[in-house]
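What follows is a set of notes on a single structure, which appears directly below.
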C-alpha cells in the first residue's frame, strides 16, 4: 500500500504569524515536519543555519537552481528563496 502525505502550505506576508502557527502545529500534531527553505539573504543574529533557513550565497543558490533542487523559488526584495 502506498503511503500518501499531505502538503500543508502556510503563506502570508512577513510578520503575520506564520512561524507561530507552524510552531503550534509541530507541537500539537504527530508526524509533521517543517520544510526549511534556502535563502541568499543575510542571516539575522538569532537565526540558526539549518533550523530557520539554509543560507547560501548567490553562486551556491544558482547551482542549486541549475540542478533543479527546488520545488519552487522566488526573488523577494532582491534576495533568493527556494524550497
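In the working numbering, the protein residues as written are 258 to 340. All residues carry an ideal CB built from backbone N, CA and C; glycine is no exception. No experiment lies behind these values; they were computed from the predicted model shown.
Notebook entry, point to check: From 277, 295, 291 and 300, pick the residue whose C-alpha is nearest to that of residue 319; which is it?
Noted result: With distances taken between Cα atoms, residue 319 lies closest to 295.
Check: In the DSSP assignment, what are the bridge partners of residue 286?
Finding: Note: residue 286 sits in no beta bridge, so no partner.
Note to self: Mapping the DSSP letters down to three states, classify residue 312 as helix, strand or coil.
What the structure shows: Three-state result, residue 312: strand.
Check: In terms of residue numbering, what span does the beta strand (DSSP E) encompassing residue 331 cover?
Finding: Note, residue 331: beta strand (DSSP E), 330 to 333.
Next item on the list: Specify the secondary structure class of residue 317 as computed by DSSP and reduced to three states.
Entry: Three-state result, residue 317: helix.
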